[in-house]
Each structure stands twice: as structure tokens, then as C-alpha cells.
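Engineer: Taken in order, the sequence shown gives residues 14 to 478; the numbers are from my numbering.
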Amino acid sequence: MYAETVPIIDPERIETILGNAGEPAPARVREILAKAGEMRGISCEDAAVLSAVRDPELSSELFETARRVKEKIYGKRLVIFAPLYISNLCGNECLYCAFRASNPEVVRRALTQEEIARETEILVDQGHKRILLVAGESYPREGFDYVLKSIATVYGVKSGRGNVRRVNVNIAPLTSEEFSRLKKAGIGTYQLFQETYHPETYRRMHVGGKKRDYGWRITAVDRAMEAGIDDVGIGVLFGLNSWRWEVQALLQHIRHLEERYGVGPHTISVPRLEPATGSDIASHPPYPVDDDDFRRIVAILRLTVPYTGIIMSTRETPKMRRETFALGVSQISAGSRTDPGGYAETGEREEVAQFSLGDHRPLDEVIRDVAGMGYVPSFCTGCYRLGRTGKDFMDLARPGDIRMHCDPNAASTFLEYLEDYAGPETRKVGLECMKGFLGGMSPAARERTEAMLRKVEAGERDVYC
Ligand code: SAM
Ligand code: SF4
């Protein structure tokens, strides 16, 4: 296989690029920001220069440029999803994770299909349409079939007028044959974080199980792509190694995918290490990323790969989530639990959870907050169901044409939420937000959107273009 023989990350080049960035001159930074403002992305070298900026004035110019690019490309839409943890069984020894095999403090549990259906029903009844299915790297007796059955279970649940329309998955690397089966199961995005691209750090953090194999993990998205899963998500677990180094490596990974498959990842995730039961490293990250640097990471990624979605999870606090929406985040989870069975069995359950959350608010409260800030929460799953994935999606996204689908779909799915699930206060705030959203559209876009909204008002569901 191609990817097994070609090095994806070049650590020496990263060191050179970071070394050359030095203390960047203001004129050089402004030149890069001007280029970034044209929304065609910037080079790894330019991103390294931006990551070296410390000067407060230049920093605010960096943030301002990221805000402008985010607003221009994504407007006010914010995609909403919920994770669904089906199992915390795991054969690996990742030192930062509560699910690691030898952690005696976690009670092990793989949900039955009935329990998965129950969890799904609860999420559907809250208004969710997009689920991220998550599991540790060890499955009950039926092996990988357990994952496939679970996906079918999630898609099979209907409750009231709702159902899950897109299942994304975050599970351990698979073989090519398994990826083909995953594709057939109808998943949206396959998501996998390298955690750290730094080989030595990777070796120290992963001390047992299959995950020790750096090469098997970094080539996983190649196998996924080659099996036809062309929406892939990648990410770094920030806090394990220097963030500047990891951002460079992430960019190299993206360039590799672009060169090889003509399209980069669909999304990038930026998890920061959070405390986890039984993990010392999780509470004391070797390279802690403070809030200021975290905002820089989001802003720099937004400018470097303007059309790639950036996902922010509930690991972060409501305040940090709000700040990063403006800087570049395009998708957020909401109302999340990281303990298998946690939607049905509520309450603090540290003994089964993967890590602590920074945002514990229920979905309705998050929606109210987001809409109150003028963002339109989108439950859209249109692209994936119309086959607009991978390169087809990017070909529409780059010239800005995807907006003619995203905006109406965001509006129609948000109206569905407001009609079927929102509390009275959220409904009020949401309808006000919708007015502003429609008001900002061109007359033609507004007309098309209003036609879709009328269908939703008339009781039709799953209206998309
Ligand atoms: N077990 C699979 C794997 O490791 O790829 C997939 C699911 S794992 C539960 C999902 C992600 O959780 C990991 O890739 C890792 O980045 C993240 N994670 C693990 N421990 C964490 C912690 N203490 N804080 C924040 N994120 C963590
Ligand atoms: Fe297992 Fe994934 Fe946690 Fe590692 S990060 S211990 S592989 S669940």
C-alpha cells in the first residue's frame, strides 16, 4: 500500500520551518495576513510565522483576519452534533485516557443494541440529527461487527418525527476490508486523531496495545479514503507536545491527503487534554496549551485551510466555545456525555466516563445561547445524502458555491428543531435569530430558503437541497 511506504510527516522539515520563523517582522506578518484574507489558504511556512506571533497588536490582527475569513466562508451557520459512546472496552494503554486497559478505576461496559437504541431515542427526542459514534479499541465477542450493528441500530431508531440522519464514527484504525464494510454501513465521516504526530512523544504516550503502532494509525485515513470513505476527520490531542510543532505536522498530513487524493480532510478536531479518571498526564499535560494559544490554533487553522470544518467539543467551556465560533469553529457537539449509557442514566458517573467536560449544558440551552449570539444552529445532513462528499464537496466549497445549499439547509433544519423540540424561550430567541439570518441573504437565496421553510411550517420534515 502506498501510504505504508511513504513518510507522511517530515520532523526535520518541521524543525527547520519553525526555526526559520524566528521572531517575525511585523511587515512579514501583515503580508501573510493579507494573503490569508484572500481565502485561498497559506503555506506551512506562513502558518509557522503566524504561530510565532506574540506581539499583542499583531495578534489582534491575526484574530481579526480569522474572524473575517470565518464570517465570509461560513456566515452564521454552526453545525450541531452529539457523541454516542457505545463502549469503553479498550485494549490499549494511552496514558492520558480513562479507558486505557489497565485502569482499574473505570467500570467496563459495552452497550447492548437495546441500550444503544435507547440512547439514540433520547438524543433524537432532544432534537439531534447527527451522531458521532465513539468506542474504545476492543469490541465485545462479535468483534468489529458490533460497530456495524450499532450503526444500523442508530439509523433504525425513529421517535416522534425525528431520526438520526448522519452517523459519523470515531473508532480505532481498521483494515482496508473493514473500512469497505464501514462505508457500506452508510457512515458520514470517519474521524481519527493521531493524538501526537511526534514519533518519540507518541511512543511514550502509548505503552500497550495496537495503538503503539504509529504507522498503522497515521495511514488509517489513507485506507479509509482508498475504501471510498472520502469524508475523513483528523486531529491532534493538544497538550502532549508543543502545539506549534503539532500544527505543522497536521498541515503536512493535510498536504499529503491533498496530493494523494485531491482533497484534504473534511474536518479537523482540536481536543485539549482534559482530566481523566486514573490519569496523571491528563491532569498535568506535558505541554499545556493556554487559552490564548488555543485561540491562535483555531485562527491559524482557519486561515491555512479555510474550507475545512473545525470541530469544537464540549471538552471546552461555554466561554471558550463562544470565542472560537467567531475565530473559525464550524461544528460543535452539544449536550454530550462521554460515558456509555450516560444519556439514559444521568448524573455524575466518573467511573465510566472518558474525560471531564467543560460544557455540561443541555442541548436546548446551547441552542438558545448560540442563536442569541446570532449563529444559526444547523442539523443539516444534506451534502452527505446527496453524495456531495470528498472532492465534490470541496469543489463546491472553494468557490463559495456550497453556501447556496448550506444556508437554506441550516434554516430548514433549525426551524424543524424550533417547531419540534425547542422550549418556549429558545423558540423565541431562535425565531428572532432566523429573521436576522434571512435578512442577510440575497433576494434569490432568501426566496429559495423561505420556500423550504414554508414546507417545514406545513409539517413536512427533512427538507433539504
Ligand atoms: N479509541 C479510539 C481512539 O483512540 O482512536 C477512538 C475513540 S477515543 C475514545 C476518542 C479520542 O478521545 C481520542 O482520539 C483522544 O484524542 C481523545 N481523548 C482521550 N483521552 C482524552 C483526555 N483525557 N482529554 C481529552 N481528550 C481525550
Ligand atoms: Fe482506548 Fe482510545 Fe482511550 Fe486510547 S484513547 S485508551 S485507544 S479509548
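All C-beta atoms, glycine included, are put in the ideal place defined by N, C-alpha and C. What you are looking at is a predicted structure, and each value in this text was computed from that prediction instead of being measured.
For D420, count neighbouring Cβ atoms within 10 angstroms of its own Cβ and tell me buried if that reaches 16, exposed if not.
Structural biologist: Counting Cβ neighbours within 10 Å, D420 comes out buried, since at least 16 surround it.
Engineer: Please state whether the Cβ-Cβ distance between E259 and V249 is less than 7 Å.
Structural biologist: Yes, Cβ-Cβ distance for E259 and V249 is below 7 Å.
Engineer: Please report the distance separating the alpha-carbon of I200 from that of G277.
Structural biologist: Distance between the alpha carbons of I200 and G277 is about 18 Å.
Engineer: First and last residue of the beta strand (DSSP E) that includes I99?
Structural biologist: Taken as a continuous stretch (DSSP letters only), the beta strand (DSSP E) holding I99 covers 90-100.
Engineer: Since M325 sits in a beta bridge, which residues does DSSP pair it with?
Structural biologist: DSSP output for M325 lists I345 as bridge partner(s).
Engineer: Quick test of your reading: Y87 and T351, contact by CB under 8 Å. State the CB separation rounded to the nearest angstrom.
Structural biologist: Contact flag wrong, Cβ pair sits at about 27 Å.
Engineer: Under 8 Å: do the region 150-167 and the region 124-136 share three or more Cβ pairs, one atom per stretch?
Structural biologist: Counting Cβ pairs under 8 Å, three or more are found: they touch.
Engineer: Once the 5 residues before and after S37 are set aside, which same chain residues still bring their CB inside 7 Å of it?
Structural biologist: Checking the sequence, you will find Pro at residue 37 rather than Ser. Around P37: V62, A65, V66.
Engineer: Would N101 and G222 qualify as a contact pair, given that the criterion is a beta-carbon distance under 7 Å?
Structural biologist: Cβ distance not < 7 Å, so N101 and G222 don't count as in contact.
Engineer: For N479, which residues from the same chain have a beta carbon less than 6 Å from its beta carbon, with the 5 sequence-adjacent residues on both sides left out?
Structural biologist: Limits of the chain in this structure are 14 at one end and 478 at the other, which puts residue 479 out of reach.
Engineer: Cβ of F406 versus every heavy atom of the ligand SF4: is any distance shorter than 6 Å?
Structural biologist: Every heavy atom of the ligand SF4 is 6 Å or more from the Cβ of F406, so no.
Engineer: Opposite V389 in the DSSP bridges: which residues?
Structural biologist: DSSP, once it has assigned bridges, lists R90 as partnering V389.
Engineer: Thinking V182 and Y159 are a contact (beta carbons under 8 Å), I'd like their distance in whole angstroms, please.
Structural biologist: With 8 Å as the limit, V182 and Y159 do not qualify as a contact, their Cβ atoms being about 12 Å apart.
Engineer: State buried or exposed for E470, treating a residue as buried only when at least 16 other CB atoms are found within 10 Å of its CB.
Structural biologist: Its Cβ having fewer than 16 others within 10 Å, E470 is exposed.
Engineer: Would you tell me roughly how many angstroms separate the C-alpha atoms of T188 and A233, rounded to the nearest one?
Structural biologist: Cα to Cα, T188 sits roughly 8 Å from A233.
Engineer: Could you say which of D23, F76, L31, I27 lies nearest to F307 if we only look at CA atoms?
Structural biologist: Comparing Cα-Cα distances from F307 to each of D23, F76, L31, I27, the minimum goes to F76.
Engineer: Could you pull the start and end residues of the beta strand (DSSP E) that T280 belongs to?
Structural biologist: Residues 280-282.
Engineer: Please report how far the alpha carbon of D59 lies from the alpha carbon of I45, in whole angstroms.
Structural biologist: C-alpha separation (whole angstroms): 6 Å.
Engineer: Going by DSSP in three states, Y210 sits in which element: helix, strand or coil?
Structural biologist: Reduced to three states, the DSSP call for Y210 is coil.
Engineer: Please specify which runs of the beta strand (DSSP E), each continuous and at least 3 residues long, are wholly inside the region 188-243, giving them in chain order.
Structural biologist: The region 188-243 contains these whole beta strand (DSSP E) runs: 203-208.
Engineer: At the level of alpha carbons, what is the spacing between T499 and I135?
Structural biologist: Residue 499 lies beyond the stretch modelled for the chain, which goes from 14 to 478, so this question has no answer here.
Engineer: In the structure shown, what three-state DSSP assignment does R467 receive?
Structural biologist: It is helical.
Engineer: To the nearest angstrom, report how far apart I313 and P20 are at their CA atoms.
Structural biologist: Roughly 24 Å between the two C-alpha positions.
Engineer: Look up A38 in the DSSP assignment and say whether it is helix, strand or coil.
Structural biologist: Three-state result, A38: coil.
Engineer: I need the boundaries of the alpha helix (DSSP H) containing V260, first residue and last residue.
Structural biologist: Counting along the chain, the alpha helix (DSSP H) containing V260 begins and ends at 256-274.
Engineer: Count the other C-beta atoms from every protein chain shown that fall within 10 angstroms of the C-beta of V120, then say buried if there are 16 or more, exposed otherwise.
Structural biologist: Under this definition V120 is an exposed residue.
Engineer: Grouping DSSP H, G and I as helix and E and B as strand, with all else coil, what is L145?
Structural biologist: Strand.
Engineer: Are there 16 or more other CB atoms within 10 angstroms of the CB of K142, so buried, or fewer, so exposed?
Structural biologist: By the neighbour-count rule (16 or more Cβ atoms within 10 Å), K142 is buried.
Engineer: Any heavy atom of the ligand SF4 within a distance shorter than 6 Å of the CB on E127?
Structural biologist: For the ligand SF4, not one heavy atom lies less than 6 Å from the Cβ of E127.
Engineer: Can you tell me the Cα-Cα spacing of P301 and S172, whole angstroms?
Structural biologist: Near 43 Å, if we compare the C-alpha coordinates of S172 and P301.
Engineer: On the DSSP letters alone, give me the boundaries of the alpha helix (DSSP H) that G449 sits inside.
Structural biologist: Looking at the DSSP string, the run of the alpha helix (DSSP H) that includes G449 is 437-452.
Engineer: Is the CB-CB distance between E363 and T290 below 7 Å?
Structural biologist: Contact: yes.
Engineer: Using the Cβ count rule (16 or more neighbours within 10 Å means buried), how would you classify D226?
Structural biologist: By the 10 Å Cβ count, D226 comes out exposed.
Engineer: Is L466 closer than 7 Å to L428 when the C-beta atoms are compared?
Structural biologist: Contact: yes.
Engineer: Quick one: Cα of Q265 to Cα of C57, how far?
Structural biologist: When rounded, the distance between both Cα atoms is 8 Å.
Engineer: What does N183 pair with, by DSSP beta-bridge criteria?
Structural biologist: In the DSSP output, where bridge partners are listed per residue, N183 has V147, Q204.
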